[in-house]
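Chains as they are written, first to last, in the numbering used here: chain A, 1 to 167; chain B, 1001 to 1183.
So, in structure tokens, the structure goes:
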């Protein structure tokens, strides 16, 4: 065959390419759900700011209450115990988060912005954790740390399990 | 008006778009049903992976629902929709992790299922050959030879010069002809 023949063959093959291929699975359920989620996501997004602001307010408020309660006095043995507890919580969370992320790795998520949301929550968690490192006796902070960590784990699970369930 | 009553009537795209802009969800579902196969095919050609193509297709319709009021009616709805599909697909390809990272993910996930799924689509031999082209040559070839964009438009979409688009198209053709010769 000549070069021109191959050109013709290529053009004929292009013309033969299917114009439409049906998707291998129903995609509407996921779209339907995501539209619904994103509608509430807008509220969440605005709420996210409020959530983070609330966490920061709690961090600041918690610190104030802590100092007001203790009058800056703390026993060193309590401090050591709570430091260890906070470190355990932090370590445990990191492991749990890594495990959950590994489970869902490569799986489709309900929104494309979930990683941004996760990062925002991680920023909030870091603020709490930094505050705890400075004041390990502050039990308010431990409560808030647990809450923000749980929000992260819930987010990872929800954006994956809801979509996989629906499709 | 319910989806059942809409289905019984012959609505053209523009009426369905009008209804969808007015937040008629049933009308939007009919638009989806009418165009999903074409949108999916465009996505599949760009990304070469059925799972990703499904995800991008979903993202296209989610974004279209959110931004339907941006459609000004300067072209037909299908032209606008396929352009949106092209933009989202290319943006997705640009953002996705490099090939080596994806290889690790695939091998971790035990990607036999994915490979098998892709084989079902890539039975068409030219599509298989196109999917094996280098990324830029592949995108330019699909845009020009299959989707019918002009080089000037491709240059804007891919943020390259018109000359580069022509060169990449020529390269793609040469590579495809070589593959045809080896068949």
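The beta carbon of each residue, even a glycine, is placed where N, CA and C say it ideally should be. Predicted model, so just to flag it, every value in this text is computed and none were measured.
Residues near residue 1089(B) in its chain [Cβ-Cβ closer than 7 Å; skip 5 each side]: Excluding residues within five positions, the ones whose Cβ falls inside 7 Å are 1042, 1043, 1046, 1047, 1056.
Residue 1020(B) and residue 1081(B) closer than 7 Å at C-beta: No; because the gap between Cβ atoms is not below 7 Å, this pair is not in contact.
Residue of 133(A), 38(A), 37(A), 22(A) minimising C-alpha distance to residue 1032(B): For the residues 133(A), 38(A), 37(A), 22(A), the minimum Cα distance to residue 1032(B) belongs to 22(A).
Minimum Cβ-Cβ distance from residue 1022(B) to chain A less than 7 Å: In terms of beta-carbon proximity, residue 1022(B) stays away from the interface with chain A, with every pair separated by 7 Å or more.
7 Å Cβ cutoff met for residue 1172(B) and residue 1162(B): No; because the gap between Cβ atoms is not below 7 Å, this pair is not in contact.
Unbroken stretches of the alpha helix (DSSP H), 4 residues or longer, contained in the segment 106 to 139 of chain A: You should have 114 to 134.
Start-to-end residues for the alpha helix (DSSP H) that takes in residue 1077(B): Run containing residue 1077(B): 1077 to 1095, per the alpha helix (DSSP H) assignment.
C-beta atoms of residue 1053(B) and residue 1040(B) nearer than 7 Å: Contact: yes.
Chain B contact for residue 21(A) (CB, 7 Å cutoff): Between residue 21(A) and chain B, the shortest Cβ-Cβ separation is below 7 Å.
Residue 141(A) - DSSP class collapsed to helix/strand/coil: In the structure shown, residue 141(A) sits in a helix (DSSP, three-state: H, G or I).
Partners in chain A for residue 1080(B), counting only beta-carbon separations shorter than 8 Å: Ordered by position in chain A, no residue passes the 8 Å Cβ test against residue 1080(B), which lies about 18 Å from the chain.
Test item: CB-CB of residue 1149(B) and residue 1143(B) under 7 Å: Note that the C-beta distance between residue 1149(B) and residue 1143(B) is below 7 Å.
Terminal residues of the alpha helix (DSSP H) in which residue 1132(B) lies: It is not in any alpha helix (DSSP H) - residue 1132(B) carries neither H nor E in the DSSP assignment.
Test: residue 100(A) CB closer than 7 Å to a CB of chain B: It does not: the Cβ of residue 100(A) has no partner Cβ on chain B nearer than 7 Å.
Local conformation of residue 83(A) per DSSP, three classes: Residue state, collapsed to three classes: helix.
Interface residues of chain A facing residue 1038(B) [CB-CB closer than 8 Å]: Those are 19, 20, listed as they occur along chain A.
Assigned exposure category for residue 1137(B) - 16 Cβ within 10 Å defines buried: Buried is the label assigned to residue 1137(B), since at least 16 other Cβ atoms lie within 10 Å of its Cβ.
Collapsed DSSP secondary structure at residue 1057(B) in the structure displayed: It is helical.
Contact with chain A by residue 1167(B), beta-carbon distance below 7 Å: Answer no: the Cβ-Cβ gap between residue 1167(B) and chain A never drops below 7 Å.
Beta carbon proximity, residue 1174(B) to chain A, threshold 7 Å: It does not; no Cβ of chain A falls within 7 Å.
Residue 6(A) beta carbon less than 7 Å from that of residue 1177(B): Yes, they are a contact pair.
Per-residue burial, residue 154(A) [other beta carbons within 10 Å of its own, 16 or more giving buried]: Residue 154(A) counts as exposed, since fewer than 16 other C-beta atoms from the protein chains shown sit within 10 angstroms of its C-beta.
Candidates 20(A), 86(A), 27(A): closest to residue 141(A) by CA position: For the residues 20(A), 86(A), 27(A), the minimum Cα distance to residue 141(A) belongs to 86(A).
Option in 1094(B), 1182(B), 1147(B), 1139(B) with minimal Cα separation from residue 1164(B): Considering only alpha carbons, the answer is 1139(B).
Anticipated Cβ contact below 8 Å, residue 1014(B) with residue 1077(B), distance rounded: About 6 Å separates the beta carbons of residue 1014(B) and residue 1077(B), which is inside the 8 Å limit, making them a contact pair.
Spatial neighbours of residue 94(A) in its chain, beta-carbon cut-off 7 Å, leaving aside the 5 residues before and after: Non-local C-beta neighbours of residue 94(A) in its own chain, meaning closer than 7 Å and more than five positions away in sequence, are absent.
Supposed contact pair residue 148(A) and residue 121(A) - C-beta distance, whole angstroms, cut 8 Å: The C-beta separation of residue 121(A) from residue 148(A) comes to about 6 Å, placing the pair in contact by the 8 Å criterion.
Per-residue contacts from residue 1061(B) into chain A (C-beta, under 7 Å): Chain A residues near residue 1061(B): 31.
Nearest-angstrom Cα separation, counted from residue 1152(B) out to residue 1166(B): Computed Cα separation, rounded: 9 Å.
Residue 151(A) versus residue 158(A) - alpha carbon distance: For residue 151(A) and residue 158(A), the distance between alpha carbons rounds to 10 Å.
Straight-line gap, residue 165(A) to residue 1071(B) (C-alpha atoms, nearest Å): A caution first: residue 165(A) carries a pLDDT of 37, below 50, which makes its placement in the model unreliable, though a value can still be read off. Between residue 165(A) and residue 1071(B), the C-alpha separation is close to 33 Å.
Assigned exposure category for residue 1049(B) - 16 Cβ within 10 Å defines buried: Result: buried.
Secondary structure of residue 1125(B), DSSP reduced to three states: Residue state for residue 1125(B) is assigned as helix, using DSSP reduced to three classes.
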